[in-house]
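Residue numbers -22 to -1, 1 to 95, in mature numbering (1 follows the signal peptide of the UniProt record, and there is no 0), belong to the letters of the sequence shown in order. For each residue, glycine too, the CB sits at the ideal point set by N, CA and C. Note that the structure is a prediction, hence the values are computed from the model and not measured. Worksheet for the structure shown next.
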Amino acid sequence: MKKTFVCVALLLAVSLSGCNQPAKTPPPADQGAATPAPGGGTATVDAQAIYKQNCISCHGANFEGGVGPNLTKVGGKYSKDQIAAIVTNGRGGMPSFKGRLSDADTSAISDWLAAKK
């Protein structure tokens, strides 16, 4: 029993350690879009850059999944608000990004992913 617990804990630690590693393969250039910052400011938030920095290691360069689920048609399954809640609070094996992403970043990545239908 103790061996099984140690093996499961080690496997979990190894699999989760890859979620914060930098991406090895950049996403295709045509899938990115800059989202205007809330409040009508002139600054923009690049959702593709946010994805590349925070999501690609688990969800893949082409949204195909891996450690995390496939996101190719995530907008057909979840609304922007639902995606934002998952990003902010985490879900299942996905960690919370509260405090790691700004509200503008969360809004940009949620808009961008919600458009993938």
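Which residues DSSP lists as bridging residue i, in chain order
i, result
"residue 78", "DSSP, once it has assigned bridges, lists no residue as partnering residue 78."
"residue -22", "Looking at the DSSP assignment, residue -22 forms no beta bridge with any residue, so it has no partner."
Of the residues the options, the one placed nearest residue i, counting alpha carbons only
i, options, result
"residue 72", "45, 38 and 25", "45"
"residue 33", "75, 67, 23 and 70", "75"
"residue 87", "69, 64 and 70", "64"
Chain-order list of residues whose beta-carbon lies under 7 Å from that of residue i (same chain, five-residue window excluded)
i, result
"residue 53", "91, 92, 93, 94 and 95"
Residue i classed as buried or exposed, judged by whether at least 16 other C-beta atoms fall within 10 angstroms
i, result
"residue 38", "buried"
"residue -19", "exposed"
"residue 57", "exposed"
"residue 19", "For residue 19, the predicted structure reports a pLDDT of 42, less than 50, and the residue's modelled location is therefore unreliable. A value from the coordinates is still provided. Classification for residue 19: exposed."
Cβ shell of residue i (< 6 Å), same chain only, five flanking positions each side left out
i, result
"residue 62", "84 and 88"
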